[in-house]
Structure formats: structure tokens, C-alpha cells
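Asker: Residue numbers 20 to 351, in this note's numbering, belong to the letters of the sequence shown in order. The C-beta atom is built at its ideal place from N, Cα and C for all residues, glycine as well. Handing you a structure now.
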Amino acid sequence: MTEIGLIGPQSIRLLIGVGVFLVVATVVAEIIFRRTTKEGLRNTLINVRQRIFAWWIMVGVLAVSLALGETVMLVLFMLLSLVALREFMALVPAGEKDGRALIWIMAVLTPLHYFFVFQHWYGMFAIFIPVYAFLFLPVLLALSGRTDHFLHRAALSQWGLMVCVYALSHLPAILQLPVAFNQGKSAADGSPVGSGGVEGGALLLFVCVVVQGSDVLQYLWGKTLGRHKIAANVSPNKTWEGFIGGVLSATALGAALWWLTPFTPWQAALLSLIACLMGFVGGLVMSSLKRDRGIKDFGAIIPGHGGILDRTDSLIFAAPVFFHLTRFFFSG
């Protein structure tokens, strides 16, 4: 198979598999919808059809971006971070917002952070936001002269930047892991992301398929066998049966997809398990934030899914852990 941008033979096979799955899901959902007469089930199926259509769009955008290369992927995720920041800041009460901090975050700190990712400058990518931006934002707020809601304004700015930019940027950063695998942790800046036999695009797809697959499988197991709520006030649909069944199923899926990675099957299973667990707690944390603000979704940009933060909440927690564990233990 011919390599197209960041899509190599492994990535192509996985994308074909995902495409087949979506075709089957689309056909089955359409058949059931046309044959059912129950109003409640029809409403549920309408939502399912919206979600499947949205998955077609999301998979298509991801595939095209991978085909166009690393720069396009980084621009895509920077735009997603900015949209996520907008969703996050829309929840902040008017009295706790700080316009100057928001301008700095969106116009300076976010582009600068993604520039470090683009340059493969791991040192600055890893510490720029958690150290320098973390310290800079409260100083900026203090210099403004406002003391009302100071702690809230500082914490919200810092937390929004960490979640929407720093954590989310670890997804495109996964594309650079093959460089560390083949050349070591201190590989020269600017090394091509496709170095060696490991495909960066395949690793990114591996994480997305396993973590997002865990979300879907937890939903299916919960609907089928779910009885015992995990945190009813936070996320009423999350049950222990759904959680255990979904995580174990997605872990098995990750082990079956080991050929996409430099891992052995048991290593792929272990990293998949950790990623799924982090994805679960990510969804729980972000659901707590929505309950605190009294909203159902962060936005409505993705039909059937909500906003960018609604769709990436599990990846936001899973991607950084996967990235750093993989880089630490599997670098050459």
C-alpha cells in the first residue's frame, strides 16, 4: 500500500475497518428506525443516527488531516483547542471572567504552545503551560488591579488552558513518538514523524479507536446490563456493569490492535487498560463540571454529541498519560 502523508499501510487497514463498521452501523440503525413504531425508540434512534453521521464526519476529517501531513494536523488541533476554550469560558460567570487573560490565552499562549509541538521541542512542550503559563496568568491578573474573585479567575484560566490546550495537544504530539522510539528521547528537533517502522498516524488512530471505543462499549454494556450507578448525581448513565464491560472489551480491542504499535499484545492491552481508565475518569470529571454549571452539553457543534469538550473529554485525560508512559518506557 502507498503511504499518503501520515497514513501508511497500517493506518489504511484500520481506517478501512472503521469504515466498514460505520457502514454496518448506518445500515442497521436505518433498518431498525424504518421498522419501529415505538415513539420512544424512534427518538433514541434519531439520536443514534445523528451520532453515526457525526462519526462519519469526524473520521473523515481525521483521515484527510492525516493524509495532508503533520502541519495540517497541528493546525486542526489548535483550532479545536480554541473552540474548546470558547466552550469552557462560556461557562464562566461574567463576574469571574477576565478579558485580558483570555486574550493572552487564545492569541499568545495557545499558538506558542502548538509552535513548540510543531518544532518537536519536547522540553518546552512539556513544561511551557504547566510551569511558565501557570505562573504567568496569576501575575497578569494581579497586575490588572482587580482583586474580586481573584482565586476563581486565576484557577479557571489555568484549568481551562491545561484541559483545552495542554492535554488536548498530546493527541497530535503522539505523531512524534516514532522519532523517540527509533532515535531516543533526545532525538534532534524536526525529525520526520514517520521515521522507522512505526507509524505516528497509526499510533494516534490506536489511541482514538481504543478510548472512543471504550466510551461506546461502556454505553452499550450499560444499556444492556447496567444496574448499579457509579455516581448517579454526576453521570446517571454510568454504571459499574457498563464501566467494567466497556473497559475490558476496549482493552481486548487494544490487544487485538497491537500490530498498529511497537508493543507486544500484553503491552498494548496494559496501555489500553490505562487509557480506558483515564478516559472514564475524564468523562466523570467533565460531567461534574457540567452538573456544576447546570448544562447538558458544552456546546452543539457536533450533532448528537454536543461540543468539542463533550466528544474529547475522555481523550483529554487519556492522551497525556498514554503519551508520557509510552515515551518514557519505549524510547530507544
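I'd like to know whether the C-beta atoms of S233 and A269 end up nearer to each other than 8 angstroms.
Answerer: Here residue 233 is taken as the residue at index 214 of the sequence shown, counted from 1. Here residue 269 is taken as the residue at index 250 of the sequence shown, counted from 1. Cβ distance < 8 angstroms, so S233 and A269 count as in contact.
Asker: Is the separation between the beta-carbon of R346 and that of L196 shorter than 8 angstroms?
Answerer: Against the sequence shown, residue 346 aligns to sequence position 327. Against the sequence shown, residue 196 aligns to sequence position 177. The answer is yes: Cβ separation under 8 angstroms.
Asker: Where do the N-terminal and C-terminal ends of the alpha helix (DSSP H) with V253 fall, by residue?
Answerer: For this step, residue 253 is matched to residue 234 along the sequence shown. That residue, V253, is in no alpha helix (DSSP H); it is neither H nor E in DSSP.
Asker: By the 10 Å Cβ neighbour count, where 16 or more other Cβ atoms means buried, how is Q237 classified, buried or exposed?
Answerer: Looking up residue 237 in the sequence shown gives position 218. By the 10 Å Cβ count, Q237 comes out buried.
Asker: For L156 and W277, what's the separation of their Cα atoms in angstroms?
Answerer: As a working mapping, residue 156 is identified with position 137 in the sequence shown. As a working mapping, residue 277 is identified with position 258 in the sequence shown. Whole-angstrom Cα-Cα distance: 41 angstroms.
Asker: CA-CA distance, F317 and V304?
Answerer: For the purposes of this step, residue 317 is taken as the residue at position 298 of the sequence shown. For the purposes of this step, residue 304 is taken as the residue at position 285 of the sequence shown. Approximately 13 angstroms between the Cα atoms of the pair.
Asker: Who are the Cβ neighbours of A86 in its own chain at under 6 angstroms, not counting the five residues just before and after it?
Answerer: Here residue 86 is taken as the residue at index 67 of the sequence shown, counted from 1. The answer, listed in chain order, is I23, G24, I26.
Asker: Report the three-state DSSP secondary structure of I23 (helix, strand or coil).
Answerer: Against the sequence shown, residue 23 aligns to sequence position 4. Three-state result, I23: strand.
Asker: Would G220 pass as a contact of S30 if the rule is Cβ separation under 8 angstroms?
Answerer: Start at 1 with the first residue of the sequence shown, and residue 220 comes out as number 201. Start at 1 with the first residue of the sequence shown, and residue 30 comes out as number 11. Closer than 8 angstroms, so yes.
Asker: Thinking C-alpha only, which one of A103, P149, V83, R172 is nearest R119?
Answerer: As a working note, residue 119 is residue 100 in the sequence shown. Among A103, P149, V83, R172, the Cα nearest to that of R119 is on R172.
Asker: State whether the region 295–311 contacts the region 62–82, with contact taken as three or more CB pairs (one from each stretch) at a distance under 8 angstroms.
Answerer: No, they do not touch.
Asker: Under 8 angstroms, do M125 and L101 count as touching if we go by C-beta distance?
Answerer: Counting from 1 along the sequence shown, the entry for residue 125 is found at position 106. Counting from 1 along the sequence shown, the entry for residue 101 is found at position 82. Their beta carbons are under 8 angstroms apart, which means M125 touches L101 by this criterion.
Asker: Identify, in the order they occur along the chain, each residue of the same chain with its Cβ nearer than 7 angstroms to the Cβ of W123, setting aside the five sequence neighbours on each side.
Answerer: Residue numbering aside, residue 123 sits at position 104 when the sequence shown is read from its first letter. Around W123: L159.
Asker: Within its chain, find whatever has a CB closer than 7 angstroms to the CB of Q69; leave out the 5 residues flanking it on each side and keep chain order.
Answerer: The residue given as residue 69 occupies position 50 in the sequence shown. Answer for Q69: P322, G323, listed in chain order.
Asker: Could you tell me if A300 is buried or exposed, where buried requires 16 or more neighbouring beta carbons within 10 angstroms of its beta carbon?
Answerer: Translated into positions along the sequence shown, residue 300 becomes position 281. Residue 300 is actually Val in this sequence, not Ala. The residue is exposed, with fewer than 16 neighbouring Cβ atoms inside 10 Å.
Asker: If you drop the 5 nearest sequence neighbours on each side, which residues of the same chain put their C-beta closer than 6 angstroms to that of V337?
Answerer: One-based indexing of the sequence shown puts residue 337 at position 318. One point to set straight first is that residue 337 is Ala, not Val, in the sequence displayed. The residues are V230, A294, M297, G298.
Asker: Starting from G325, follow its DSSP beta bridges and name the residues at the other end.
Answerer: The residue you call residue 325 lines up with position 306 of the sequence shown. DSSP, once it has assigned bridges, lists I321 as partnering G325.
Asker: Which residue wins for smallest C-alpha separation from M97, given the options F153, A44, H189?
Answerer: In the sequence shown, counting from the first residue as 1, residue 97 sits at position 78. M97 has its Cα closest to that of H189, out of F153, A44, H189.
Asker: Between I148 and G59, what straight-line distance do the alpha-carbon atoms span, to the nearest angstrom?
Answerer: Sequence index remark: in the sequence shown, residue 148 carries index 129 (1-based). Sequence index remark: in the sequence shown, residue 59 carries index 40 (1-based). Spanning the two alpha carbons is a distance of roughly 46 angstroms.
Asker: Considering only residues of the region 129–192, which uninterrupted alpha helix (DSSP H) runs meet the minimum length of 4 residues and lie entirely inside it, listed in chain order?
Answerer: Counting whole runs of 4 or more residues, the region 129–192 contains the alpha helix (DSSP H) stretches 129–137, 141–146, 153–162, 169–180, 189–192.
Asker: Just to confirm my understanding: we take I50, look at its own chain, exclude 5 residues before and 5 after, and list those with CB closer than 6 angstroms. What are they?
Answerer: Residue mapping note: residue 50 aligns to position 31 of the sequence shown, counting from 1. None.
Asker: For D234, which of helix, strand or coil comes out of DSSP?
Answerer: Here residue 234 refers to the residue found at position 215 when the sequence shown is read from its first residue. In the structure shown, D234 sits in a helix (DSSP, three-state: H, G or I).
Asker: Is I249 near T243, with beta carbons less than 8 angstroms apart?
Answerer: Residue 249 sits at position 230 when you count from the first residue of the sequence shown. Residue 243 sits at position 224 when you count from the first residue of the sequence shown. No, the pair does not count as a contact, with Cβ atoms beyond the cut-off.
Asker: On a Cα-Cα basis, can you pick out the residue from P191, E115, T63 that is closest to Q138?
Answerer: The residue you call residue 138 lines up with position 119 of the sequence shown. It is P191 whose Cα lies nearest to the Cα of Q138.
Asker: Could you check what DSSP says for I76 in three-state terms: helix, strand or coil?
Answerer: In the sequence shown, residue 76 corresponds to position 57, counting from 1. Looking at I76 - three-state DSSP - the assignment turns out to be helix.
Asker: List, from N- to C-terminal side, the alpha helix (DSSP H) runs of 4 residues or more that fit wholly inside the region 50–107.
Answerer: Within the region 50–107, the complete alpha helix (DSSP H) runs of at least 4 residues are 58–87.
Asker: As a quick exercise: from V67, A199, L131, G164, pick the residue whose alpha carbon is nearest that of L41.
Answerer: Residue mapping note: residue 41 aligns to position 22 of the sequence shown, counting from 1. Selected option, being the one with the closest Cα: V67.
Asker: According to DSSP, is D208 part of a helix, a strand, or is it coil?
Answerer: The sequence position of residue 208 within the sequence shown is 189, counting from 1. Only weak support exists for where D208 lies, its pLDDT of 47 falling under 50; the value from the coordinates is given anyway. Three-state result, D208: coil.
Asker: Can you round the beta-carbon distance between I193 and V226 to whole angstroms, since I take them to be within the 8 angstroms contact cut?
Answerer: Here residue 193 refers to the residue found at position 174 of the sequence shown. Here residue 226 refers to the residue found at position 207 of the sequence shown. Right, the Cβ-Cβ distance comes to about 6 angstroms (below 8 angstroms), so this counts as a contact.
Asker: Quick one, which of W240, G326, P281 has its alpha-carbon nearest V266's?
Answerer: Here the question's residue 266 lines up with position 247 in the sequence shown. The option with the nearest alpha carbon to V266 is W240.
Asker: Between R312 and L170, which are expected to be in contact by the criterion C-beta below 8 angstroms, what is the C-beta distance as a whole number of angstroms?
Answerer: Numbered from 1 along the sequence shown, position 293 holds the residue referred to as residue 312. Numbered from 1 along the sequence shown, position 151 holds the residue referred to as residue 170. About 18 angstroms; that fails the 8 angstroms criterion.
Asker: If L180 and L128 are in contact, beta carbons under 8 angstroms, what's the gap, nearest whole angstrom?
Answerer: Taking the first residue of the sequence shown as 1, we reach residue 180 at position 161. Taking the first residue of the sequence shown as 1, we reach residue 128 at position 109. The Cβ separation is near 6 angstroms, so the contact holds.
Asker: Residues in its own chain within less than 7 angstroms of I335 by CB, not counting five upstream and five downstream?
Answerer: Mapped onto the sequence shown, residue 335 falls at position 316. V182, A186, L187, G301, listed in sequence order.
Asker: Quick one, which of A161, Y133, S307, L93 has its alpha-carbon nearest L377's?
Answerer: The requested residue 377 does not occur in the structure, where the chain is confined to residues 20 to 351.
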